[in-house]
Structure formats: C-alpha cells, structure tokens
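Colleague:
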Amino acid sequence: MAEPVVQVRGLKAAFDGRTVFENVSFEVNRGEVFVILGGSGCGKSTLLKHLIGLYEPAAGQVLVLGQDIHALDGEARQALLRQIGVMWQSGALFGSASLAENVMVPLEQHTTLPAEARALVARAKLGLVGLSDAAARLPAEISGGMAKRAGIARAMALDPPVLFLDEPSAGLDPITSAGLDALIVQLARDLGTTFVVVTHELQSILAIGDRCIMLDKEAKGMIAEGDPRALRDQSDNPTVRAFFRREVMA
Amino acid sequence: MSRIARRARADPLGCRQGAAEGGPGGLALGRRSGKLPRVSLVISPEPPGDHPSKPTCLRLAFTGRLDASAAARDWAEASRRARAGQKLHLDLSGLETLDMSGAVLLLRLENLAGPARWTVPPGPMQALLDRTRQALAGPRPPAAPPPLPWLAWFGQLAWLGGSAVLTRLAFLGEAVVSGFGLLRHPRRLRLAELLRHLDEAGLRAFPLCILLGLLLGMILAFQSSVPMRRFGAESFIPNLVGISLLRELGPLMAAVILAGRTGSAFAAEIGTMTVNEEVDALRVMGIDPMAWLVLPRVLAAVAVMPVLALVMDLAGLIGMGVVMGSLGYPPASVIAALERSLVLKDLVGGLFKAAAFGLAVGLIGCRAGLAAGRGPRAVGDAATSAVVGGIVAMVLLDGIFATLFFRLGL
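Sequences listed follow chains L and C, in order.
Numbering (our numbering) for the first sequence: 43 to 292.
Numbering (our numbering) for the second sequence: 7 to 416.
1. According to DSSP, simplified to helix, strand and coil, what is L/D110?
2. Less than 6 Å between C-beta atoms, sequence neighbours within five positions excluded: which residues of the same chain meet that for L/A164?
3. Residues of chain L with CB closer than 8 Å to the CB of C/A78, please, in chain order.
4. Pull out every residue of the segment 66 to 91 of chain C whose Cβ sits closer than 8 Å to any Cβ of chain L, in chain order.
5. Pull up the CB-CB distance for C/W156 and L/L155, whole angstroms please, since I reckon it's below 8 Å.
6. At a CB distance below 9 Å, what residues from the segment 102 to 124 of chain C approach chain L? Give them in sequence order.
7. Would you call the CB atoms of L/I250 and L/D223 closer than 8 Å?
8. Give, in chain order, every residue of the segment 205 to 224 of chain L whose Cβ lies closer than 8 Å to some Cβ of chain C.
9. Looking at the secondary structure, which residues open and close the beta strand (DSSP E) in which L/G80 lies?
10. Between C/D97 and C/T125, is the Cβ-Cβ spacing less than 8 Å?
11. Tell me the start and end of each unbroken beta strand (DSSP E) in the segment 235 to 315 of chain C that is at least 3 residues and wholly inside, in chain order.
12. Given a cut-off of 8 Å on the beta-carbon distance, is the pair L/V47 and L/V70 in contact?
13. Determine whether the Cβ of L/R165 lies closer than 8 Å to any Cβ atom of chain C.
14. Of all the residues that make up the segment 382 to 402 of chain C, which are near chain L by a beta-carbon distance shorter than 9 Å?
15. Taking the Cβ atom as the reference point for each residue, do C/M259 and C/L218 lie within a distance shorter than 8 Å?
16. Grouping DSSP H, G and I as helix and E and B as strand, with all else coil, what is L/Q125?
17. Give the straight-line distance between the Cα atoms of L/S140 and C/G396, rounded to the nearest whole angstrom.
18. Using the Cα positions of C/P130 and L/Q151, report the straight-line distance between them to the nearest angstrom.
19. Can you tell me whether C/I341 is buried or exposed, with buried defined as 16 or more other CB within 10 angstroms of its CB?
20. Comparing the C-beta of L/L200 with each C-beta of chain C, is any distance below 8 Å?
21. Compare the C-alpha of C/E102 against each of C/P121, C/Q132, C/P295 and name the closest.
22. Would you call C/A158 buried or exposed, if buried means 16 or more other Cβ atoms sit within 10 Å of its Cβ?
23. By the criterion of Cβ-Cβ separation under 7 Å, what are the contact partners of C/R380 in chain L?
24. So is C/G325 buried or exposed if we call it buried at 16+ other beta carbons inside 10 Å?
25. Under three-state DSSP, which class holds L/L200?
26. Give a yes or no on whether 8 Å exceeds the smallest Cβ distance from L/A197 to chain C.
27. Where does L/I265 sit, in a helix, a strand or coil, going by DSSP?
28. Determine the contact status of C/F272 and C/A360, defining contact as a CB-CB distance below 8 Å.
29. Using a Cβ-Cβ distance cut-off of 8 Å, determine whether L/S132 contacts chain C.
30. When we look at the beta-carbon of C/P442 and count the other beta-carbons within 10 Å, is it buried (16 or more) or exposed?
31. Helix, strand or coil: which one does DSSP assign to C/C215?
32. Quick test of your reading: C/A141 and L/A192, contact by CB under 8 Å. State the CB separation rounded to the nearest angstrom.
33. In whole angstroms, what is the alpha-carbon distance linking C/S241 and C/M224?
34. Ordered along the chain, which non-local residues of its own chain (more than five positions away) have a Cβ less than 6 Å from that of C/L42?
35. Taking the beta strand (DSSP E) that C/Q92 belongs to, which residues open and close that run?
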C-alpha cells in the first residue's frame with residue numbers, strides 16, 4: 043500500500059485578501075516523483091513554499107512525513123525540517139563558500155560527523171550530481187546548470203527522504219536539462235527519495251513525473267491530477283490539453 | 007562515548023569471546039534504544055574455518071540503521087579497526103536502513119583496509135553502495151597552484167599594482183572625456199538623475215552635518231579653553247576654532263560624511279547594476295555608462311560638497327559660540343573676534359578643497375561600483391573599497407593642498 047509522505051488538505055493561499063489558489067488537496071507517496079505544474083503565475087512556487095513551511099496557509103493543512111509542518115515549532119519543527127531538502131530556483135548557494143563547503147553546511151550544523159567524514163560525504167554528494175571536479179569553486183564561478191546541480195547536492199546533504207525542487211530545469215539547455223531529469227529519476231529509483239518538483243517544462247514533466255497536479259491561474263486551484271502522460275493523451279479539460287499540446291488558448 | 011565503545015577501545019584485538027551485547031563472539035559499538043536499534047556495529051574475528059593457521063579476518067557487522075548520526079558515532083572507532091591491517095568483512099546482512107553517509111563510512115573502511123569481503127542483503131543497498139562508490143571516484147578538483155618564488159611574487163605584486171594604477175588612470179581619462187563630451191552635448195546629462203543625487207547627497211546630509219559641526223565646534227572650544235586659559239588667551243579661541251574649521255576640519259569632516267553616506271551608496275548602487283548585467287546592457291544599447299551613471303553622481307558630489315562644508319563650518323562656529331557664552335563671552339565679542347581673525351581666502355580655500363574632495367569621493371565611489379565582480383560579496387566589497395579609497399584620497403589631497411597653499415602663501 044502506498045505510504046503518503048506529503049499530504050495536502052484543502053490548502054488555500056491568500057495575500058492581502060487576494061486568493062492565489064484554494065481547495066488544493068493531494069498526496070505524494072514515498073519514492074515517487076510528483077510534479078506540480080501549471081502556467082506562469084498560477085501559484086506553483088507559492089504552493090511549494092507552503093509545503094516547506096515558509097508560508098502560512100490561509101486555510102487547510104500540510105502534513106509532511108505525517109506531521110503538520112505549520113503546527114510545529116521549536117525543536118520539533120527543526121527536526122522535521124532536517125528531514126526535507128529544498129533546491130531553490132536560483133540554487134541559493136552561499137556565495138562566499140565553495141561548493142563543497144556549501145554541501146558541508148548542513149552536515150556541520152546537524153550531524154556530529156568528523157571533518158574527514160563531512161568532506162567525504164560532500165564529495166560523494168557532489169560526485170552524485172557530476173560536480174566532483176568543481177568542489178573547490180565558488181558559486182560565482184559556475185554556470186546556472188551547475189548551480190542547480192550543486193543546489194540538489196546541498197539539499198541531499200542529510201539524505202532527506204523527501205526533496206522539493208523549484209524549477210530544476212528552467213533556463214537550462216536541453217542536454218543539461220535532460221541530464222538533470224535523468225539524475226532525479228535515478229535518485230528516486232536508487233535511493234528511494236521522494237521528489238516534489240515544481241516545473242512548467244513540458245519535456246521534464248513527461249520524463250520524470252510519476253504523478254502530477256496542475257494549477258490554473260483562472261480557476262485559482264487544481265484543475266487536474268494524475269499521470270502526466272495520461273493527462274496529455276486523455277484530458278478533457280481545454281486548459282490541460284492546451285498546456286500539454288502547447289496550443290494557444292482562444 | 008558509550009560504555010560499550012569505551013570497552014572496545016580497551017581491547018586492541020577488537021575481539022571478546024562471548025560478548026552478550028554484541029552477539030556471540032563479538033563486540034558491539036554504539037547503543038540500542040527502543041524497538042529499532044539506532045545502530046549496532048559488531049566487531050569480531052572471522053571464524054577460522056578449516057584452516058586454523060590462517061590469519062583471521064576482521065568482521066564488522068552492522069545492524070539497524072546506518073545513517074549520518076550512526077556513522078558519526080562509529081567513524082573513529084571503525085576507522086581505527088580498519089587500519090589494523092587485517093582483511094575486512096563488511097557484513098550488512100542485519101542492516102535495515104543505509105543512507106549515503108553510512109555508505110561513505112563503509113567505503114572509507116574498505117579504502118583503509120584494502121579490498122573487503124561484502125555481505126549485502128538483496129535490495130536497494132547494493133545500488134546505493136555502487137552509486138556512492140561511483141560518486142566518490144569522480145575527478146578530483148585541480149590542485150591549488152604552488153606558491154610563487156619570492157622574485158616572481160614580487161614581480162606579480164608590481165604588475166598588479168601597476169595595472170591597478172593604470173585602470174584608475176584610464177577611468178579618470180574616460181570620465182574627463184565624457185565630461186568634455188557633455189559640454190558639447192549637454193542634453194546627454196540626465197537632469198532628473200542629477201537632482202535626485204543632489205537631494206540624496208546634499209539635502210539629506212544636512213542634519214548629520216549640522217549635528218557633527220555643532221559637536222565639533224563645541225569640542226574644539228572646550229579642549230582649547232583649558233590650555234589657553236593658563237596664558238589668559240581665552241579670547242583667542244574664536245580665532246583658533248574659526249581658522250581650523252574653515253580651512254581644514256569643515257571640508258574634511260564634510261568629505262568623511264560624503265564618503266560614508268554617498269560614496270558607499272554610489273558603489274553599492276552601481277555595483278548591483280554591474281552584478282545584474284545592467285551596465286553591460288547599457289553598453290550594448292550604445293549608452294555610455296559614464297554619461298548615464300557616473301557623471302550625474304560626480305557632478306552632484308562636486309556641487310554639494312562646498313555646501314556641506316559651509317553648513318559644517320557654520321554649525322561648528324555656532325557650537326563654539328555656545329561654549330564661549332558659557333565661558334562668559336557675549337556673542338558680539340565672539341563675532342568681532344571672528345571678523346578680526348578670518349579672511350575670505352580661508353573660506354574660499356576650504357570650499358575649493360571641499361569641491362575637490364567631492365570630485366575624488368564621487369569618482370572613487372562610481373569606479374568601485376563599475377569594477378564590482380560577480381557574486382553577493384561583490385557589492386559589499388565595492389562599498390568598502392569606495393569608503394576606504396575615498397577617505398585615503400581625501401587625506402592625500404588635503405596634504406597636497408596644504409603644501410600648495412603654503413607655497414602660494416595662501
């Protein structure tokens with residue numbers, strides 16, 4: 043039986059009285075790659091920030107690993123946050139630290155691993171995303187694609203069971219983007235990591251997504267849920283069809 | 007360290023026959039808690055089997071969870087055992103969970119002891135181990151270049167120093183050329199931008215100038231009153247403070263305020279634009295960043311500095327007047343003393359210096375911004391460079407002016 047890792051129930055996001063989305067409910071199961079998709083401005087990144095506890099919901103509930111992330115505080119909240127990893131759209135790497143040092147930050151703060159072990163774990167994480175030889179470089183010295191991969195390595199530093207990725211392939215060339223997609227699929231398969239990925243890159247969605255939900259700006263909420271390939275081929279919703287077939291809406 | 011681990015350290019062979027906590031013939035490291043053991047590492051000699059004369063193999067059996075905290079707990083002890091030179095048998099058959107930190111520990115042990123015998127349960131652990139091994143085998147970052155011999159190091163230093171001077175001279179030349187270009191095409195000057203900087207660098211600095219000027223005048227008057235009273239020369243305090251303020255301290259303090267408030271702001275603003283590639287965008291659009299960004303700021307700095315110096319002078323004289331009043335000198339006598347001691351060239355010389363300081367601070371702030379590197383530290387570095395460079399340049403210029411005025415008899 044599928045074990046839910048993230049459960050979202052009736053979530054509503056609103057800022058200054060303006061509703062971004064409401065009645066959003068879904069579950070993400072262990073080991074699957076779950077994609078949150080939709081057009082620009084529909085609230086994908088806002089939803090992600092609710093899932094990782096940065097934004098307080100206007101209504102509804104978010105359970106991560108069985109715990110309400112917004113109801114926790116203090117050490118309980120910190121303990122839960124240590125079990126999730128986040129890759130930010132820009133990488134959000136610390137500019138004054140090398141890539142290896144970036145990966146070592148969570149290891150230093152949250153484990154008692156000796157320095158030698160931290161360096162080896164950081165090396166393994168960077169090797170996992172193909173950045174072994176760039177370990178000593180600063181974020182300002184690497185490309186956007188490398189920054190995203192380094193962001194994934196840092197997000198995985200503590201081997202969290204669930205990773206949230208914000209637009210991992212946006213702005214990347216097709217080859218780098220395909221490489222990143224393959225990496226996500228391999229990590230999910232080999233390490234059993236659960237991925238929640240926000241993206242609007244059609245090829246990525248179809249390459250990595252086990253299941254997805256689609257948000258819509260006009261509907262202010264979810265308009266579809268399921269296997270992205272099935273949605274592409276079978277959905278009756280004109281917005282979903284237009285999205286997957288890259289059609290201009292009338 | 008746990009009690010069991012301490013006991014393990016005391017046993018150099020790593021073996022204790024019949025140890026109950028570590029299972030038969032073994033010794034357990036780490037601790038157990040609740041139903042699921044957090045970690046358990048059993049160290050035992052491999053059974054000799056059919057050949058009792060053969061050297062035994064060290065068996066490290068892991069059970070429960072082998073994650074970052076378990077790896078942290080067992081790293082030192084397990085590494086010490088692996089270094090002992092015995093062949094290693096890494097037994098993961100009792101392991102329930104393995105993460106990458108744990109996999110790194112296992113591969114480190116194998117690396118220390120040489121090729122090991124593995125017992126890995128069927129399932130995803132082997133894939134994780136393979137992936138971790140592959141990740142660790144990736145190319146290493148290039149080694150840092152060796153330090154230069156002293157002569158080469160000296161040459162590099164001289165080269166860098168010369169380059170720095172040349173780039174600053176080139177910037178100055180570019181600014182002069184753009185300034186002359188502005189005389190021919192005055193419409194290129196962004197008047198709204200100039201007014202904004204006049205407001206920010208000038209009007210908004212008035213309160214700070216007045217406050218510092220008042221305090222400076224009061225402090226100078228108080229400090230000088232004590233020694234001058236001994237010689238009955240208190241009535242000359244207005245002369246001393248007036249000349250000091252108008253010729254030196256007024257322009258200098260106003261320039262320090264300009265460097266701290268405005269020079270750093272110029273560097274931060276232009277530095278952020280440089281980091282965001284806005285300056286490159288200007289160049290590609292055929293717009294000269296000198297005319298667009300630098301000249302309005304430098305002109306504003308040159309224009310506001312004499313005013314700030316004047317405000318500082320007046321505030322300082324008022325502060326001095328307050329102290330003189332407290333010493334029993336009426337305002338009329340203070341004003342009369344000032345009239346007797348000050349001449350117009352004191353004021354004009356000070357204001358001229360102030361304008362020169364403004365030029366230096368403005369140019370240095372803008373150059374620091376345009377020369378900003380990449381990354382989040384670049385803007386901070388540019389602001390620091392603007393303030394430090396501005397103050398150093400100001401003191402150097404002040405020395406040059408002092409010599410010049412002395413030679414000219416001003």
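Using N, Cα and C, we set each Cβ at its ideal position, and we do this for glycine too.
Modeller: The short version:
1. strand
2. A142, V145, M146
3. T153, T154, L155, P156, A159
4. D73, A74, S75, A77, A78, R79, W81, A82
5. Actually they are not in contact, since the Cβ atoms of C/W156 and L/L155 sit about 40 Å apart, beyond 8 Å.
6. D105, M106, S107, G108, A109, V110, L111, L113, R114
7. yes
8. none
9. 75 to 80
10. yes
11. none
12. yes
13. yes
14. P382, R383, A384
15. yes
16. coil
17. 32 Å
18. 28 Å
19. exposed
20. yes
21. C/Q132
22. exposed
23. A182
24. buried
25. coil
26. no
27. strand
28. no
29. no
30. Residue 442 of chain C is absent from the model: chain C starts at 7 and stops at 416.
31. helix
32. Not a contact, Cβ separation roughly 14 Å.
33. 15 Å
34. Only weak support exists for where C/L42 lies, its pLDDT of 40 falling under 50; the coordinates are left without a value.
35. Looking at the DSSP string, C/Q92 is not in any beta strand (DSSP E), and its letter there is neither H nor E.
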